[in-house]
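Numbering (the numbering used here), first residue to last: 77 to 311.
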Amino acid sequence: MTAHISAKPGDIAESVLLPGDPLRAKWIAENFLTDATRYTEVRNMFGYTGTYKGKRVSVQGTGMGQPSASIYTHELLDVYGVKTVVRVGSAGAIHDRIELRDVVAGIGASTNSSMNRIRFNGVVDYAPVADFGLLRASVDAAAARGINLHVGQLYSSDTFYTDAPEVEAKLAGYGILAIEMEAAAIYTLAAKFQARALALCTISDHILKGTELPAADRQESFSEMVEIALDAVTA
77 MTAHISAKPG DIAESVLLPG DPLRAKWIAE NFLTDATRYT EVRNMFGYTG
127 TYKGKRVSVQ GTGMGQPSAS IYTHELLDVY GVKTVVRVGS AGAIHDRIEL
177 RDVVAGIGAS TNSSMNRIRF NGVVDYAPVA DFGLLRASVD AAAARGINLH
227 VGQLYSSDTF YTDAPEVEAK LAGYGILAIE MEAAAIYTLA AKFQARALAL
277 CTISDHILKG TELPAADRQE SFSEMVEIAL DAVTA
């Protein structure tokens with residue numbers, strides 16, 4: 077056990093999906109995994125292990141933001157021997173060609189967080205990226221299902237409510253597709269522990285257009301993203 081995950085050795089599969097919302101973890105386990113059992117509920121941050129197409133897969137809630145996601149990702153990779161992590165969450169689009177409910181795969185993740193600056197003694201802007209093999213598997217999985225998967229840069233922000241909307245417009249001009257809050261930290265930790273990582277995000281808001289999905293859809297209507305993630309980790 078760790079301070080935040082009450083699983084025993086062997087309870088967690090080598091491949092783990094990482095939704096921020098613990099209720100989305102429960103929804104994924106109940107709707108996509110076979111014979112899923114809950115291995116942790118510490119702080120109501122649920123984790124489950126089941127099977128998908130005959131292969132063991134786990135799903136672990138991480139909470140919102142890079143500090144919270146870092147705790148769970150670090151413990152999974154360092155203590156429980158996890159080899160593959162895929163963030164499955166929501167994001168806000170800042171590109172005109174992306175619409176609500178579209179799925180985006182992050183080839184890399186820029187960030188305004190100081191976490192990596194601190195990690196590298198304040199002298200390096202580390203550029204965290206996805207695992208290429210996992211990214212390619214997700215592209216293949218989306219194509220097989222007829223899903224239009226957008227691949228490009230994400231922006232992992234430490235702020236949900238911004239006082240500088242002009243920065244988001246500038247990021248769009250530099251090719252950033254969407255804003256979320258966890259991918260950069262997850263990619264960095266996967267690199268540290270020589271694991272594979274990918275962030276898949278369903279667009280819940282379009283920041284520049286001012287449109288958004290209802291709250292219930294944010295939690296439960298992201299089936300295409302979950303299917304791509306599960307196909308990719310079990311390929």
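No residue lacks a Cβ here, since even glycine has one placed at the ideal position from N, Cα and C.
(message) With DSSP as the reference, identify every bridge partner of I252, one or two as the case may be.
(response) In DSSP, I252 forms a bridge with Q229.
(request) Using beta-carbon positions only, say whether A185 and L230 come within less than 7 Å of one another. (result) Against a cut-off of 7 Å, the Cβ pair of L230 and A185 comes out as a contact.
(request) Identify whether E288 lies in helix, strand or coil by the three-state DSSP scheme. (result) The three-state secondary structure of E288, taken from DSSP, is strand.
(request) State yes or no: is the C-beta of M257 within less than 7 Å of the C-beta of V164? (result) Their beta carbons are not under 7 Å apart, which means M257 does not touch V164 by this criterion.
(request) Would you check if the distance between the CB atom of V179 and the CB atom of L225 is smaller than 7 Å? (result) Result yes, Cβ atoms of V179 and L225 sit closer than 7 Å.
(request) Using 10 angstroms around the beta-carbon of Y115, count the other beta-carbons present and answer buried if the total reaches 16, otherwise exposed. (result) In summary, Y115 is buried, with 16 or more beta-carbon neighbours lying within 10 Å of its beta-carbon over all protein chains present.
(request) Reducing DSSP to helix, strand and coil, say where G165 ends up. (result) Three-state DSSP puts G165 in a strand.
(request) Out of T264, I223, F196, state which residue places its alpha-carbon closest to the alpha-carbon of A206. (result) When only C-alpha atoms are compared, the closest one is T264.
(message) Any heavy atom of the ligand FAD inside 6 Å of the beta-carbon of K102?
(response) This structure lacks the ligand FAD, and indeed carries no ligand of any kind.
(message) Quick check: what's the CA-CA separation for D234 versus T78?
(response) C-alpha separation (whole angstroms): 25 Å.
(message) When you compare the CB positions of T160 and S91, do they come within less than 7 Å of one another, or not?
(response) Result yes, Cβ atoms of T160 and S91 sit closer than 7 Å.
(message) According to DSSP, simplified to helix, strand and coil, what is H80?
(response) For H80, the three-state secondary structure derived from DSSP is coil.
(request) Find out if the Cβ-Cβ distance for the pair S299, A260 is shorter than 7 Å. (result) No, the Cβ-Cβ distance between S299 and A260 is not below 7 Å.
(request) Helix, strand or coil for R221, going by three-state DSSP, please let me know. (result) Correct three-state label for R221: coil.
(message) Quick check on the DSSP output: the beta strand (DSSP E) that includes L276 runs from which residue to which?
(response) Unbroken beta strand (DSSP E) run through L276: 272-282.
(request) Note down the Cα distance separating E151 from I88, rounded to an integer number of angstroms. (result) One Cα belongs to E151, the other to I88, and the distance between them is close to 11 Å.
(request) For V155, collect the residues of the same chain with a Cβ closer than 6 Å to its Cβ; drop the 5 residues on either side in sequence, then sort them by chain order. (result) Listed in chain order, the non-local C-beta contacts of V155 below 6 Å within the same chain comprise T78, local neighbours out to five positions each way being set aside.
(message) For a quick check, are the C-beta atoms of S82 and V135 less than 7 Å apart?
(response) No; because the gap between Cβ atoms is not below 7 Å, this pair is not in contact.
(request) Using the Cα positions of V162 and T278, report the straight-line distance between them to the nearest angstrom. (result) Cα to Cα, the separation comes out at about 13 Å.
(message) How far does the alpha helix (DSSP H) with Y148 in it extend, from its first residue to its last?
(response) Unbroken alpha helix (DSSP H) run through Y148: 142-154.
(message) Assuming T264 is part of the alpha helix (DSSP H), what are its boundary residues?
(response) Per DSSP, T264 belongs to the alpha helix (DSSP H) from 259-268.
(request) Work out the CA separation of A218 and D307 for me, nearest whole Å. (result) The C-alpha of D307 lies about 9 Å from the C-alpha of A218.
(message) Once the 5 residues before and after P98 are set aside, which same chain residues still bring their CB inside 7 Å of it?
(response) So the qualifying residues of the chain are N120, M121, F122, G137.
(message) Measuring straight from C-alpha to C-alpha, what distance separates H171 and I183?
(response) One Cα belongs to H171, the other to I183, and the distance between them is close to 16 Å.
(request) Specify the secondary structure class of L86 as computed by DSSP and reduced to three states. (result) Per the sequence presented here, residue 86 reads as Gly, with Leu not at that position. DSSP, read as helix, strand or coil, puts G86 in coil.
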